[in-house]
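A.B. asks: Numbering (numbering that gives the first Met the number 0) for the sequence shown: 0 to 507.
There's a structure below that I have some questions on.
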Amino acid sequence: MAAKGKIIKFLIVFLVFSLAIFLRLWNLNQMGRTWDEPFYVDQGYKIVDAIKKGNFDNKILYTDPDPPVFSKYLYGLAEHLNIGKAAPCGGEFCYYDFTSSRLISVLFSSLTVLLVILIGWQYVSFFVGVTAGVVFATLPISLGLSQLVTVESILAFFFTACTYSFLRLLKTFSIKNVVICGILLGLAIATKYTNIMLVPLFILIYVVWSRFNKKIKNKKTLAKKLIFIILVAFATLFFIWPFPWFHMDYVWKWEQATRFSEVASHPVPEVFFGRLMPVPIFYYFVYFLITTPFLILVLFLAGLKNISEKKKWILYVIVIWFLLPFLQSFLNMRQHGVRYVIQIYVPLSLISAIGFNFLLEKFKSLKYKYLFLIAVAIYMFIILKNITPYYLDYFNIVVGGAKGVYESRSFQMGWWGQGIREAAGYIVKNAEKGANVGIAISPSTVMPELKNYNVNKYEENKEYDYVIVNYYNIIREGFNDSKIKERYVPVYTVWADGAPLVVVYKHK
C-alpha cells in the first residue's frame, strides 16, 4: 500500500508539472515581442559570443551591469543554439519571436512549480503542496512573465531554491548544505541585485526558528555559517562574472547615472487610479490586491487566519517570505505592477493552499478535497481562457476586470507592447502588399518588421491605408486618437478579457 501511495503522489506531481509546462507552451508566442526582450537577447548573444572567442576585453562583458549577467548567459546560450538554423516560423514573423530564449523562461518557471510543491509537501502536507503548485502554475501575471525573455522566471526560481536550501540547512547542519545555499544565493544575486534581500530573509528565518527551537544546541554554529554562506555567494558571483570587478570606475558611474541621478530619485509616473502620477509607496500592495484572482485572495486571507491559530514556525516563515519583497516599495523604481515583487507569488501560493485546506477542514470536506481542488483549477482555467494570451493585462473583479479598467481608464494595460504582434498579423493576412501602414503605438520597437508593407510612425498630416493604435499609447503617452476616428474605421481589435489593447483602423 505504501508503494502504491508513493506512485499516486508521483503521478499527481507529474500531472501538475505537466500542466504548468502545457499552459506555458501552447500559446508561447501569441503575446508578441515585449519591450525588454530584445535587450536580453542581443546582449546575451554578444556576451556569450565574446566569451566563446576569448575576447575578455570586450566592453559588452560589463556594459549595462544592471540587471547582472546570469539570465543573459542563459538567454545568450539559447540564441547561439538558434541563430543560423532554418527559421521554423516562415513569412513576415521570422526571428520576431524569441522562441529558444523563451523556452528557458518556461523551464525555470515550471521548475519553480516543482519547488513550490516540494516545500508545501515537506513542511505542511502533500495536499497543501499540490494545491500551492496548481495555484502558482495558473496565476495569470506569473504565467505571462514565464513566457517572456526577462529575469522574472529565473529570479523566482533561484529565490525559491535558495530559501528552500536554507530551510534544509536548519534541519541538517553540514558544510555541503552551507555551500549549496551559498552557491544558490550567488546565482540569485547574479540574476538580480535585489535578491540580496535573501540575506535578511535568512536572518529572520533563523530568528523565528530559534524562538521555536530553544533546545537546539548548535545555534551559534549556524550563525557562523550564515557568514560563510555570504562568502560563498560572493565567490560564486565573482567566479561567474569577474569582468565588472576590473572596471569598477565604469560600473560605479553607470550605477550613479542609473540609480542615483535626479531622474532616478523620483518614482516612475504611471496611470494609477485614473491619474498620471508618480506612483505611491503602496503601489505594489495595491497591484497585488487587484491582479490576484479573487478566490485566491479569499484563500490567502483564510490561510493567514489559520497560520495565526496554528502558531508554527514554518508558517510564520512563509508569511515573512511573502512580506519581505514589499520592502522594494521604498525604492523609487516602482512600476510594471507586481513584476518587481515577483518573489511574493511562491509564498502567496503556499498561504492560499494552507487557507484552502483550512476551509476544507472547517467544513468537513476533506473526503472530497481533490474534487474541490479540481474546482479551483477550473476557476483559474476560466480566468486564463478569458485573458489569454495577454496574461500581463489581467485584473480581478475588485476593479471590474480588464474591461472595467479600460472603461474607467484607471490603470495601464499593454505597457510592454502586448497585442501588437496580433495586430500586425491582421495586416499580413488582410492588407494588400505595399500598403501604407501608420503606427501610433508605444513601445514602437516591438512592431514586427513587415517587409512587404510600408510601415512608418503615424503623422497626422499624412494619409495611410491602415493605422495601428494601442491603448497604452493613448492612456500613458497621451496620444489623441480622435482625428484617426474621423478618417478611419476600425476593422480589427485585439482584446484582453473585454478590453481593447490594440485597434487596427482602415482608411474610409
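From the three backbone atoms N, C-alpha and C, an ideal C-beta is built for every residue, glycine too.
1) Contact between the region 388 to 395 and the region 321 to 333 is defined here as three or more beta-carbon pairs at a separation below 8 angstroms; is this criterion met?
2) Check the C-beta distance from Val345 over to Phe135 and give it rounded, since I have them as a contact under 8 angstroms.
3) Gly83 to Ile59, Cα distance in whole Å?
4) Going by C-alpha distance, which of Lys363, Ile317, Ile353 and Asn356 is nearest Gln342?
5) According to DSSP, what are the bridge partners of Glu269?
6) Pair every Cβ in the region 21 to 36 with every Cβ in the region 402 to 420, then say whether three or more of these pairs are closer than 8 angstroms.
7) From Phe299 to His246, what does the alpha carbon distance come to, in whole angstroms?
8) For Leu18, which of Pro266, Phe172, Ser152 and Val129 has the nearest alpha-carbon?
9) Under the assumption that Val207 contacts Trp312 (Cβ atoms under 8 angstroms), give the Cβ distance between them as a whole number of angstroms.
10) Taking only runs that begin and end inside the region 375 to 456, name each unbroken alpha helix (DSSP H) of 4 or more residues, in chain order.
11) Identify whether Ala85 lies in helix, strand or coil by the three-state DSSP scheme.
12) Count the other CB atoms, across all protein chains shown, that sit within 10 Å of the CB of Pro277; report buried if there are 16 or more and exposed otherwise.
13) Apart from the five residues just before and just after Asn176, which ones in its own chain have a Cβ nearer than 8 angstroms to its Cβ?
14) Roughly how many angstroms separate the alpha carbons of Val466 and Asp41, rounded to a whole number?
15) Quick one: residues in its chain with C-beta nearer than 6 angstroms to the C-beta of Thr492, no 5 flanking neighbours on either side, listed in chain order?
16) To which residues of the same chain is Val105 closer than 8 angstroms at the C-beta, ignoring the five residues directly before and after it?
17) By DSSP's criteria, Thr492 is part of a beta bridge. Which residues make up the other side?
18) Could you have a look at Ile7 and say whether DSSP puts it in helix, strand or coil?
19) In chain order, which alpha helix (DSSP H) runs of at least 4 residues are fully inside the region 317 to 364?
20) Can you find at least 3 beta carbon pairs, one from the region 46 to 61 and one from the region 113 to 133, that sit closer than 8 angstroms?
21) Going by CA-CA distance only, name the one from Leu349, Phe380 and His79 that's closest to Tyr315.
22) Taking DSSP as the reference, what is the three-state secondary structure of Val468?
23) In the structure shown, what three-state DSSP assignment does Tyr487 receive?
24) Looking at the structure shown, is Val12 part of a helix, part of a strand, or coil, going by DSSP?
25) Over the uninterrupted alpha helix (DSSP H) stretch that includes Gln146, give me the two end residues.
26) What residue range is occupied by the uninterrupted alpha helix (DSSP H) comprising Met247?
27) May I have the straight-line CA-CA distance separating Val340 from His506, to the nearest angstrom?
C.D. replies: The relevant details are as follows:
1) no
2) 6 angstroms
3) Residue confidence for Gly83 is low, a pLDDT of 48 falling below 50, so the modelled location carries little weight and cannot support an answer.
4) Ile317
5) Met276
6) yes
7) Whole-angstrom Cα-Cα distance: 46 angstroms.
8) Val129
9) 5 angstroms
10) 400 to 407 and 419 to 429
11) Confidence at Ala85 is low in this model, with a pLDDT of 45, below 50, so the placement of that residue should be treated as unreliable; the coordinate-derived value is given next. Ala85 falls in the coil class under three-state DSSP.
12) exposed
13) Ser164, Arg167 and Leu168
14) Cα to Cα, Val466 sits roughly 29 angstroms from Asp41.
15) Pro499 and Val502
16) Contacts found: Ile20, Arg23, Leu24, Leu27, Ser145, Gln146 and Ser152.
17) Val502
18) helix
19) 344 to 361
20) no
21) Closest option to Tyr315, judged by alpha-carbon separation, among Leu349, Phe380 and His79: Leu349.
22) strand
23) Of the three classes helix, strand and coil, the one that applies to Tyr487 here is strand, per DSSP.
24) helix
25) Note, Gln146: premise wrong, no alpha helix (DSSP H); not H, not E.
26) Start and end: Met247 to Arg258.
27) 43 angstroms
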